[in-house]
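Protein sequences, first through last, are from chains W and X. Under the working numbering, the residue at position 48 of the first sequence is numbered 48, and the numbers go up by one with no gaps. Under the working numbering, the residue at position 90 of the second sequence is numbered 1090, and the numbers go up by one with no gaps. Data block below; observations after.
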Amino acid sequence: MIFGAVLAGGVGSRMKLADMPKQFLPLGSKPIILQTLDKFLANDRFDAVYVAINGDWLLYFEDLLQKYGVQDDRLRVVSGGNDRNESIMNVIADLNKTFGDNEDDVIITHDAVRPFVTARIINENIDGVLQYGMCDTVIPATDTIVCSPDGEYISSVPLRSELYQGQTPQSFNVRQLRDLYQSLTAEQKAQLTDACKIFTLAGKRVRLIEGEVYNIKITTVSDYKIAQAILGGKISD
Amino acid sequence: MINTVYQLIAPKVISVKFEELKPDAGQVLVRPTHLAICHADQRYYRGLRDKQTLEKKLPMALIHEAVGTVIRDPKGVFSKGDQVILIPNIPGDGPQCVEENYQRGSRFRSSGTDGFLQEYIQLPHDRLVEANNIDPEVGAISEFISIAVHASKRFERKAVTSKDVIGVWGDGNLGYVVSFVLKRRYPQSKIVVIGQNTAKLQYFSFADETYLDYEFPADYAVDHAFECTGGEGCQAAINSIIAHINPEGLIMLLGVSENKVPIFTRDVLEKGLTMIGSSRSSREDFERVAQLLKQPNMQRRFKTIVSEVLNVRSIQDIAHAFERDINNPFKTVMRWK
């Protein structure tokens, strides 16, 4: 089976726009998270589409679904975890319970705050994960990246042509992701900033999927203004 | 939902525009899957329209020939996953006795309003025709075929003299579909095609006779004629038709010309000829095309003029498809990823 997972476990601590998590800020006529969810629900290849929401905001989100008339039998909402990977594990726990534990199951995970994801990117993630078992959406790095472990001096300047910026979706074979994650120590789990790293730590190959420059993550006030600007709407602070 | 629209902003420059598709109970959400390039799109893409027109119409998403898949229909008229032909006309405000494609105030996609080169599109139910079980690579050129069906319908209403010999001037895409539709509608008539390219004329296997224009006998007479050349070639074609057509014959003009075309009106008057312009098509014509294409043999017939099918997943791919199309003898279809 093919599962989608829109991840909104975070509480938006980096944005001071409002008290509520950034995924609930309006973009166009509805909250960012519903814009993102629309893209997943529009894809009929998904057997189920999960949303992982910070527990404190579960009821709020359910109100939003009702208010904006989001109705789809495939939609399932679960409580998010302390971090991104825990949210994914919560989704997997529910899908294992509901749909069983099948060897071929795949999951396409996506940031709730990347509403500009396209049908092409989602479809290529589904195709990629079905063929390769795991894949990650990226765009070629345009800025030179410098490495500085001490934060004061450059230790190296990696070759830009070999560098990519990670986006989402990130897509995985469900069983492999779960088993690899569970095999990590608490310390290793704490160091993970990205689900793909679970696979690279285990020496697995992760296939690249071409993203888009405009598949931005709305993390800061500037991102939010850019998102509003490219959608052509009124910009609010 | 945030939709991605691929607009031509200047000749050969395509840019992404985002717009929100708001839920509308009266509209169907469709994902375009296969899109065909028309000469009209190519003229915009290459900047062959005059400067004023380009300034007025751009930026604009191109493409008005497409099939797609139904994603959501609030009214349930279409089922999720249905394949549909997308109708590019946006009808005006009547009068109803005038067909929708000729009504004042009517608009046309990829001609002043965004075409189908979009991630998703919302259309009213009457702008979609169910097309399940039709090869989408052929379904993509439905709009093109509907032009021939439409012209043939108008011809039927107006042609009063005998239809023993019908001439079609033009050996391109349009000449092909028009002559085929005519042969099917008038199997007893002799369909003769006059063109400029031997290789292209060889495709017209269903035509009774084909001629290169410079070998077309001077005394050859046709009862009626369809001009399917357009562009710079239409002046010579129209005057050739006037020379070869029988009195009270009907001349159907289908080719688009950017320039005014001098024609030999003395013979038009002397022969009592009627000239009828025929452009685009209406929903009724699309429905007839869908019925036609439900027959596997008809799909095979029209697939002959799909010269190339290209996967398109980026702006670079769109540009590549337009470049390839210039050299393709017939239609180029983009498999929209």
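Idealized CB from N, CA, C, for every residue including glycine. Note that this is a predicted model, so its numbers are computed, not measured.
| task | Examine chain A for any beta-carbon lying closer than 9 Å to the beta-carbon of X/I1121, and answer yes or no. | result | Any reference to chain A falls outside this structure, whose protein chains are W and X.
| message | Here's the rule I'm using: 16 or more other beta-carbon atoms within 10 Å means buried, otherwise exposed. How should W/R14 be labelled? | response | Translated into positions along the first sequence, residue 14 of chain W becomes position 14. Caution applies to W/R14, whose pLDDT of 47 falls short of 50 and renders its modelled position unreliable; the model cannot decide the point.
| query | Which one or two residues does DSSP pair with X/A1225 in a beta bridge? | reply | For the purposes of this step, residue 1225 of chain X is taken as residue 225 along the second sequence, with counting starting at 1. DSSP, once it has assigned bridges, lists X/G1167, X/I1251 as partnering X/A1225.
| request: Within its chain, find whatever has a CB closer than 8 Å to the CB of X/A1225; leave out the 5 residues flanking it on each side and keep chain order. | output: Looking up residue 1225 of chain X in the second sequence gives position 225. Around X/A1225: I1166, G1167, V1168, W1169, I1241, H1244, I1245, G1249, L1250, I1251, M1252.
| message | Is the beta carbon of X/Q1042 closer than 9 Å to that of X/D1317? | response | What you label residue 1317 of chain X is simply residue 317 of the second sequence in a count that begins at 1. What you label residue 1042 of chain X is simply residue 42 of the second sequence in a count that begins at 1. Not in contact: X/D1317 and X/Q1042 (Cβ atoms no closer than 9 Å).
| said: When you compare the CB of W/S171 with every CB in chain X, is at least one pair closer than 9 Å? | reply: Start at 1 with the first residue of the first sequence, and residue 171 of chain W comes out as number 171. W/S171 does not count as touching chain X.
| task | Drop a sphere of 10 angstroms on the beta-carbon of X/T1033, count the other beta-carbons inside from all chains shown, and report buried for 16 or more, exposed for fewer. | result | Translated into positions along the second sequence, residue 1033 of chain X becomes position 33. Sixteen is the threshold: when 16 or more other Cβ atoms of the shown chains lie within 10 Å of the Cβ of X/T1033, as they do, the residue is buried.
| query | Are any of the Cβ atoms in chain X nearer than 9 Å to that of W/Q35? | reply | For the purposes of this step, residue 35 of chain W is identified with residue 35 of the first sequence, where counting begins at 1. For W/Q35, the nearest CB of chain X lies under 9 Å from its own CB, placing it at the interface with that chain.
| query | Are the region 82 to 90 of chain W and the region 127 to 139 of chain W touching by the rule of at least three beta carbon pairs closer than 8 Å? | reply | The region 82 to 90 of chain W vs the region 127 to 139 of chain W: no contact.
| said: What residue range does the alpha helix (DSSP H) around W/E188 cover? | reply: The sequence position of residue 188 of chain W within the first sequence is 188, counting from 1. Glu is not the amino acid found at residue 188 of chain W; the sequence shown has Gln there. 186 to 191 is the span of the alpha helix (DSSP H), which, as asked, contains W/Q188.
| message | Run through chain W and tell me which residues come within less than 7 Å of X/N1075, C-beta to C-beta. | response | On the second sequence, residue 1075 of chain X is found 75 positions in, with the first residue counted as 1. Residue identity check: residue 1075 of chain X is Lys in the sequence provided, not Asn. Those do not exist, as X/K1075 stays about 14 Å from chain W at its closest Cβ, beyond 7 Å.
| query | Taking Cβ positions only, does X/T1229 come closer than 9 Å to chain W? | reply | Locating residue 1229 of chain X in the second sequence gives position 229, counting from the first residue. No, its Cβ sits nowhere closer than 9 Å to a Cβ of chain W.
| said: The beta strand (DSSP E) that contains X/N1259, what's its start and end? | reply: Numbered from 1 along the second sequence, position 259 holds the residue referred to as residue 1259 of chain X. Going by DSSP, X/N1259 is part of no beta strand (DSSP E) at all; its letter is neither H nor E.
| W/Q291 (DSSP reduced to helix, strand or coil) | Residue 291 of chain W falls outside the range modelled here, since chain W spans only 1 to 237, and no answer is possible.
| message | In the DSSP output, which residue or residues are listed as bridge partners for X/K1017? | response | Position 17 of the second sequence holds residue 1017 of chain X. For X/K1017, which the question treats as bridged, DSSP gives the partners X/V1005.
| query | Where X/V1077 and X/K1183 are concerned, what is the direct C-alpha to C-alpha distance, given to the nearest angstrom? | reply | Reading the second sequence from its first residue, position 77 is the one you call residue 1077 of chain X. Reading the second sequence from its first residue, position 183 is the one you call residue 1183 of chain X. Each residue's alpha carbon lies about 35 Å from the other.
| query | Skipping 5 residues on each side, what residues in its chain have a beta carbon closer than 6 Å to that of X/D1135? | reply | Here residue 1135 of chain X refers to the residue found at position 135 of the second sequence. By the criterion of a C-beta distance shorter than 6 Å, X/D1135 is surrounded in its chain by Q1299, once the five residues flanking it on both sides are discounted.
| Between the region 1154 to 1164 of chain X and the region 1073 to 1090 of chain X, do three or more beta carbon pairs fall short of 8 Å? | No: the two stretches stay apart, fewer than three of their Cβ pairs being nearer than 8 Å.
| query | By Cβ distance below 6 Å, which residues in the same chain neighbour X/R1109 in space, the five residues on each side in sequence not counted? | reply | To locate residue 1109 of chain X, count along the second sequence from 1; it is residue 109. Around X/R1109: H1064, P1088, G1115.
| Neighbourhood of W/N43 by C-beta distance below 6 Å, restricted to the same chain and skipping five residues each side | Within the first sequence, residue 43 of chain W is the residue found at index 43, counting from 1. The residues are I122.
| said: Please confirm whether X/I1071 has its beta-carbon closer than 9 Å to some beta-carbon of chain W. | reply: Here residue 1071 of chain X refers to the residue found at position 71 when the second sequence is read from its first residue. Chain W has a Cβ within less than 9 Å of the Cβ of X/I1071.
| message | Does chain X have any CB closer than 9 Å to the CB of W/Y181? | response | Walking along the first sequence from the start, residue 181 of chain W turns up at place 181. At least 9 Å separates the CB of W/Y181 from every CB of chain X.
| field | Straight-line Cα distance separating W/G166 from X/P1074 | value | The residue labelled residue 1074 of chain X in the question sits at position 74 within the second sequence. The residue labelled residue 166 of chain W in the question sits at position 166 within the first sequence. C-alpha separation (whole angstroms): 36 Å.
| message | Give me the chain X residues within the contact set of W/K39, using Cβ-Cβ distance strictly less than 7 Å, ordered along the chain. | response | Reading the first sequence from its first residue, position 39 is the one you call residue 39 of chain W. Within chain X, the residues near W/K39 are M1001.
| request: Determine the contact status of X/S1142 and X/D1164, defining contact as a CB-CB distance below 9 Å. | output: By one-based count along the second sequence, residue 1142 of chain X stands at place 142. By one-based count along the second sequence, residue 1164 of chain X stands at place 164. Going by C-beta atoms, X/S1142 is not nearer than 9 Å to X/D1164.
| query | W/I2 and W/V157: beta carbons closer than 9 Å? | reply | As a working note, residue 2 of chain W is residue 2 in the first sequence. As a working note, residue 157 of chain W is residue 157 in the first sequence. Between W/I2 and W/V157, the C-beta spacing is not below 9 Å.
| request: Could you name the residues of the region 136 to 160 of chain W whose beta carbon sits closer than 9 Å to any beta carbon of chain X, in the order they occur along the chain? | output: Residues: none.
| query | So W/R160 packs on W/A141, CB below 8 Å; how close in whole Å? | reply | In the first sequence, residue 160 of chain W corresponds to position 160, counting from 1. In the first sequence, residue 141 of chain W corresponds to position 141, counting from 1. By a beta-carbon distance limit of 8 Å, W/R160 contacts W/A141. Their separation comes to about 6 Å.
| message | Judging by CA-CA distance, which residue of X/G1230, X/N1133, X/A1199, X/L1008 is the nearest neighbour of X/L1062? | response | Translated into the one-based positions of the second sequence, residue 1062 of chain X becomes position 62. Among X/G1230, X/N1133, X/A1199, X/L1008, the Cα nearest to that of X/L1062 is on X/L1008.
| message | Give me the chain W residues within the contact set of X/G1026, using Cβ-Cβ distance strictly less than 7 Å, ordered along the chain. | response | Along the second sequence, one-based indexing puts residue 1026 of chain X at 26. Residues of chain W whose Cβ lies closer than 7 Å to the Cβ of X/G1026 do not exist, since the nearest Cβ in that chain is about 15 Å away.
| Is it right to say X/V1129 is buried, meaning 16 or more other beta carbons lie within 10 angstroms of its own, or is it exposed? | Position 129 of the second sequence, counted from the start, is the residue given in the question as residue 1129 of chain X. Per the 10 Å Cβ criterion, buried.
| query | What does X/T1004 reach in chain W if we use C-beta pairs closer than 9 Å? | reply | Within the second sequence, the letter at position 4 stands for residue 1004 of chain X. Residues of chain W whose Cβ lies closer than 9 Å to the Cβ of X/T1004 are, in chain order, F116, T118, A119, R120, E212, Y214.
| field | Alpha-carbon to alpha-carbon, X/G1172 and X/A1040 | value | On the second sequence, position 40 is the one that residue 1040 of chain X refers to. On the second sequence, position 172 is the one that residue 1172 of chain X refers to. X/A1040 and X/G1172 have their C-alpha atoms spaced approximately 14 Å apart.
| When W/N82, W/Q131, W/V221, W/S148 are compared against W/A190, the one with the closest alpha-carbon | Within the first sequence, numbered from 1, the residue matching residue 190 of chain W stands at position 190. Checking every option, the nearest Cα to that of W/A190 belongs to W/N82.
| Collapsed DSSP secondary structure at W/N102 in the structure displayed | What you label residue 102 of chain W is simply residue 102 of the first sequence in a count that begins at 1. W/N102: coil per DSSP, three-state reduction.
| Going straight from the alpha carbon of X/I1014 to that of W/F199, what length do you get? | Here residue 1014 of chain X is taken as the residue at index 14 of the second sequence, counted from 1. Here residue 199 of chain W is taken as the residue at index 199 of the first sequence, counted from 1. Taken atom to atom, the span from the alpha-carbon of X/I1014 to that of W/F199 is near 38 Å.
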